[in-house]
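*Asks:* Using the numbering used here, the first residue of the sequence shown is number 5, and each one after it goes up by one.
Heads up, the beta-carbon is just placed ideally off N, CA and C, and yes, glycines get one too.
Keep in mind that this is a model prediction, so the values were computed, not measured.
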Amino acid sequence: MKLRRVPALMFLVLQIPIMAAFAWSYASLSSESQRQVRRLVVAKPQNIEIPLERDTALEITLLYDDPQLVSDEELAAVLKQIIPHFPAKKMKPNHVEHALRAWHVDAKFQDPDALSGEKLRDFLIDYGRFAASWKPEKETEPQPTPLLQEQPNDGIYVQWGRESNSASVHHDHLLACLTEAGLPLSQPVFTPNRRDLTFRDVLRQALRDFRYDERETEWSVMAFGLWLAPTTKSWRLADGREMSFDMLAQRLLRGHKKMGTCGGTHRLYSLMVLLRLDEQYDILSDDVQQAAVRHLETVRDLLKAGQFEDGHWAYNWSSGADAVKSPDLSIPMYRHVIATGHHLEWLSIAPESLHPPREQIRKAADWIIQKTVSMTEAEILDNYTFFSHVGNALAMWRKTTPSKFWMEWEKTHPFVPKPKPAAEPKETTKAAPGKPGETAVKH
Numbered sequence: 005m006k007l008r009r010v011p012a013l014m015f016l017v018l019q020i021p022i023m024a025a026f027a028w029s030y031a032s033l034s035s036e037s038q039r040q041v042r043r044l045v046v047a048k049p050q051n052i053e054i055p056l057e058r059d060t061a062l063e064i065t066l067l068y069d070d071p072q073l074v075s076d077e078e079l080a081a082v083l084k085q086i087i088p089h090f091p092a093k094k095m096k097p098n099h100v101e102h103a104l105r106a107w108h109v110d111a112k113f114q115d116p117d118a119l120s121g122e123k124l125r126d127f128l129i130d131y132g133r134f135a136a137s138w139k140p141e142k143e144t145e146p147q148p149t150p151l152l153q154e155q156p157n158d159g160i161y162v163q164w165g166r167e168s169n170s171a172s173v174h175h176d177h178l179l180a181c182l183t184e185a186g187l188p189l190s191q192p193v194f195t196p197n198r199r200d201l202t203f204r205d206v207l208r209q210a211l212r213d214f215r216y217d218e219r220e221t222e223w224s225v226m227a228f229g230l231w232l233a234p235t236t237k238s239w240r241l242a243d244g245r246e247m248s249f250d251m252l253a254q255r256l257l258r259g260h261k262k263m264g265t266c267g268g269t270h271r272l273y274s275l276m277v278l279l280r281l282d283e284q285y286d287i288l289s290d291d292v293q294q295a296a297v298r299h300l301e302t303v304r305d306l307l308k309a310g311q312f313e314d315g316h317w318a319y320n321w322s323s324g325a326d327a328v329k330s331p332d333l334s335i336p337m338y339r340h341v342i343a344t345g346h347h348l349e350w351l352s353i354a355p356e357s358l359h360p361p362r363e364q365i366r367k368a369a370d371w372i373i374q375k376t377v378s379m380t381e382a383e384i385l386d387n388y389t390f391f392s393h394v395g396n397a398l399a400m401w402r403k404t405t406p407s408k409f410w411m412e413w414e415k416t417h418p419f420v421p422k423p424k425p426a427a428e429p430k431e432t433t434k435a436a437p438g439k440p441g442e443t444a445v446k447h
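Written out as structure tokens, the structure reads:
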């Protein structure tokens, strides 16, 4: 039996009621269900925009001014060590990000060789300056991947990872550092091919790219908290998944305390930022807020039990008293600097109820001050990222910022250039004995 062909016009007529039924069903769905349908049908992420109502980020109010923990002279000695002196060629974004986070955009130095806050900022947000620093010295060398990359949706992606010194090391670390440094969303950002984008587009791209189960969320959480609170407490990711500050806090609470960058200490700082924002803006549910406080109380107790006699906390601080009873001698000293400095940093914005005894905190500060000021310039540069946290933490314990303190300090302690090495005296030739006018031969 022959199959009869259905004329094209008749086929289209038959589709009309089907399409009408689909349209009616779609219109009757909730907005969430509609979003899920679009995601399945279109099979690509939805470009969901989140209102960004402020041009400047929120700031966490500093709580303490303890000159017994760090005196003016001690703070000045530490900050002098972390003044940014980076080589112009192949300047590492990771170093610049840490320096800018500590010193802020407003930092100025009497030392002409120091990089001001504005120069640090411009290296990170102006592709031309980045490219000039990373220009290949030989034609055979490959051009490095741009740090900033414009996206089709007007976003700006930040190249990150440990594979290259020309990339930002951690996901959203550049975003978080520029946020804490005081960069407004309206700040122009220059990518390789566009000059009409702003820092707002960096933040928007980070919101689109964020994945709840990615390995590093510490810097994303901190930046999102300082930009979205208090007007936005929950939002949608690009894949349609709901996100909230509750979920971000729970993500930081997940897993063993040692997990995460720098021995798990960055998680503590970001968690404390969320708690301080919740205190003012109520961005967390009561259950999650209480879980976060209980978590930090256990950290407090571990620090009380796990401090070494000289005042430092070990990189394996999460072992508590066992870290002291059975010291892990394989851990290099710089990692103990990381742990002690980072703990002092999050404790500086924490309420006293989450502190170990103040005397323990002062002992930790004494140890870290001594370690920092004893470093050579080369040693500081090799470990700049860690020591930048030390300077920032100690300034916060004096209820100030490194830039504010240093610019006041230089009013009464002006910069004195290092004396240049004395030129070696030129060798002079002496007349050889014998005929007048003849010179001795130098061997």
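Could you tell me how far apart the beta carbons of D205 and G159 are, in whole angstroms, since I believe they sit closer than 8 angstroms?
*Replies:* Indeed, because the Cβ distance is near 5 angstroms, the residues count as touching under 8 angstroms.
*Asks:* Does W413 come out as helix, strand or coil in the three-state DSSP assignment?
*Replies:* Helix.
*Asks:* Could you pull out every unbroken alpha helix (DSSP H) segment of at least 4 residues lying fully inside the stretch 101-155, listed in chain order?
*Replies:* Taking only runs of at least 4 residues, the alpha helix (DSSP H) segments lying wholly in the stretch 101-155 are 121-129, 131-137.
*Asks:* Are the beta-carbon atoms of A320 and D332 separated by less than 7 angstroms?
*Replies:* The sequence given here has Asn at residue 320, not Ala. It is a contact, given that the beta carbons lie within the stated cut-off.
*Asks:* Taking the alpha carbon of R271 as the point to measure from, which residue in L256, L279, D282 has its own alpha carbon closest?
*Replies:* Residue L256 is the option with its Cα nearest to R271.
*Asks:* Which of helix, strand or coil does DSSP assign to L189?
*Replies:* Coil, per DSSP.
*Asks:* When you compare the CB positions of P148 and S120, do they come within less than 7 angstroms of one another, or not?
*Replies:* The answer is no: Cβ separation not under 7 angstroms.
*Asks:* Given a cut-off of 7 angstroms on the beta-carbon distance, is the pair P188 and T60 in contact?
*Replies:* Cβ atoms of P188 and T60: closer than 7 angstroms.
*Asks:* Check Y273 in the structure and name its three-state DSSP category.
*Replies:* In the structure shown, Y273 sits in a helix (DSSP, three-state: H, G or I).
*Asks:* Does DSSP put M95 in a helix, in a strand, or in coil?
*Replies:* DSSP places M95 in coil when its eight states are reduced to three.
*Asks:* Please report the residue range of the alpha helix (DSSP H) in which R255 lies.
*Replies:* Per DSSP, R255 belongs to the alpha helix (DSSP H) from 249-257.
*Asks:* Taking the CB atoms as reference points, tell me whether W161 and Q209 lie closer together than 7 angstroms.
*Replies:* Residue 161 is actually Tyr in this sequence, not Trp. Cβ distance < 7 angstroms, so Y161 and Q209 count as in contact.
*Asks:* Report the three-state DSSP secondary structure of S34 (helix, strand or coil).
*Replies:* Confidence in S34 is poor, its pLDDT being 44 and thus under 50, which makes the residue's placement too unreliable to answer from.
*Asks:* Would you mind stating whether A106 and S378 have Cβ atoms separated by less than 7 angstroms?
*Replies:* Contact: no.
*Asks:* Which whole-angstrom value describes the C-beta separation of T235 and E57, a residue pair presumed to lie in contact below a C-beta threshold of 8 angstroms?
*Replies:* The pair is a contact, with the Cβ atoms about 5 angstroms apart (cut-off 8 angstroms).
*Asks:* Who pairs with F194 in a beta bridge, going by DSSP?
*Replies:* In the DSSP output, where bridge partners are listed per residue, F194 has D130.
*Asks:* Just the Cα atoms here: how many angstroms apart are F228 and I373?
*Replies:* Their Cα atoms are separated by approximately 32 angstroms.
*Asks:* Could you give the first and the last residue of the continuous alpha helix (DSSP H) run that contains Y338?
*Replies:* Residues 337-351.
*Asks:* Determine the DSSP secondary structure at V74, reduced to helix, strand or coil.
*Replies:* If DSSP states are grouped into helix, strand and coil, V74 belongs with coil.
*Asks:* Quick one: what does DSSP say S172 is sitting in, helix, strand or coil?
*Replies:* Looking at S172 - three-state DSSP - the assignment turns out to be strand.
*Asks:* Per DSSP, what are the beta-bridge partners of Q311 in this structure?
*Replies:* Q311 is bridged to W317.
*Asks:* Can you check whether the CB of V100 is closer than 7 angstroms to the CB of F127?
*Replies:* Contact: yes.
*Asks:* Can you check whether the CB of L73 is closer than 7 angstroms to the CB of R366?
*Replies:* Going by C-beta atoms, R366 is nearer than 7 angstroms to L73.
*Asks:* Which class does R58 belong to by DSSP, given the choice of helix, strand or coil?
*Replies:* DSSP places R58 in coil when its eight states are reduced to three.
*Asks:* Excluding the five sequence neighbours on either side, which residues of its own chain have a C-beta within less than 8 angstroms of the C-beta of A233, listed in chain order?
*Replies:* The answer, listed in chain order, is L62, F249, L281, Y285, I287.
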